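At position 169 of the sequence shown (counting the first as 1) the number is 169 in full-length UniProt numbering, and the numbers step up by one without a gap.
Ideal placement from N, C-alpha and C gives every residue a C-beta, glycine not left out.
Keep in mind that this is a model prediction, so the values were computed, not measured.
Just below is one structure, and these are the notes that go with it.
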Amino acid sequence: MRVARFSTGGDPRYGIVDDDELVVLAGDPMFAGYETTGDRVPLAEARLLAPVIPRSKVVCVGLNYAEHRKDMASIDVPENPLIFLKPNTAVVGPGDPIRIPPVDGRITHEGELVAVIGRIAKQVRAEDWADYVFGYTIGNDVSARDQMFADGQWARAKGYDTFAPIGPWIETELDPDGLEIRTRVDGEPRRHGNTRDMTHKLPELIAYISDVWTLLPGDIIMTGTPSGLGGFVHGQTVEIDIEGIGTLSNPALDRDERPA
């Protein structure tokens, strides 16, 4: 089942994607269940929003694919998962612009499978991991790559507003292992991989992360990116496809540029 968060000009609403329509829900299904209102909205008339706004945090996993580790050979990779945070203010939805800040160096994309947490998770056992996942969406861990190395840590480089696009919806029925991930910029293939090649898979990640931070409903985990060429500039569009979910597409604009 695909759950979308959307607007038709008023407050955000939630709906179940049914072909080319949205079956409107009475509330946020993560908290209110799947009661419907009886209304339907054509997808073509809805603006899809970020399918969830994390209540507290965006957890990211760095260098979680072996080939991507080779791309970043200058970074010492720990044996345990390399985890870091983005603020929830970095989150934007499908079609929203990625705002490029006025900093030197490359801005890079990282197409990733995203797990959406559905209940409070603290010190979760690896074998119980699936009980805490509401569903999956697509994420783009945008980075100001040169700032990562200039600062010696990643908070600024990965935490700018708009640097965590997610969407287009949450797929609640999906096996996260063995999914193809492809990233394109203006239609040009850039990154390609499969979730089966993650170094640390979701059972381990949820156990490890929930031992460090309490995960709240709506928090998300970006699980890492496959390798590939990652730069993009003003005026280009980044598209990320994940098998079984769909496509997340976002244009890139300089921070002070207004959309056409």
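{"query": "Within 8 Å, strictly: CB atoms of P51 and V17", "result": "no"}
{"query": "CA-to-CA distance, P54 to F84, given in whole angstroms", "result": "15 Å"}
{"query": "Beta-carbon proximity list for P12, same chain, < 8 Å, skipping 5 on both sides", "result": "R5, F6 and L49"}
{"query": "Own chain, CB closer than 7 Å to V24, minus 5 neighbours either side, in chain order", "result": "R13, G15, T36, T37, D39, R40 and V41"}
{"query": "Residues near F31 by beta carbon distance below 8 Å, same chain, minus five either side", "result": "P217"}
{"query": "Cβ-based burial, N250 [other Cβ within 10 Å; buried from 16]", "result": "buried"}
{"query": "CB of T225 within 8 Å of CB of D141, strictly", "result": "yes"}
{"query": "Runs of beta strand (DSSP E) wholly within the segment 119-145 (minimum 3 residues, chain order)", "result": "133-140"}
{"query": "Contact under 8 Å by Cβ, G118 with L179", "result": "no"}
{"query": "Cβ contact (3+ pairs, closer than 8 Å) linking the segment 125-144 and the segment 220-240", "result": "yes"}
{"query": "Outcome for F232 when other beta-carbon atoms lying within 10 angstroms are tallied against a minimum of 16", "result": "buried"}
{"query": "Assigned secondary structure, residue 261 (DSSP; H/G/I helix, E/B strand, else coil)", "result": "Within the shown structure, residues of the chain are numbered from 1 to 260, placing residue 261 beyond reach of any answer."}
{"query": "Exposure label - V185; buried when at least 16 CB within 10 Å", "result": "buried"}
{"query": "Top-ranked residue by Cα proximity to R190, from D197, L229, L174 and E171", "result": "L229"}
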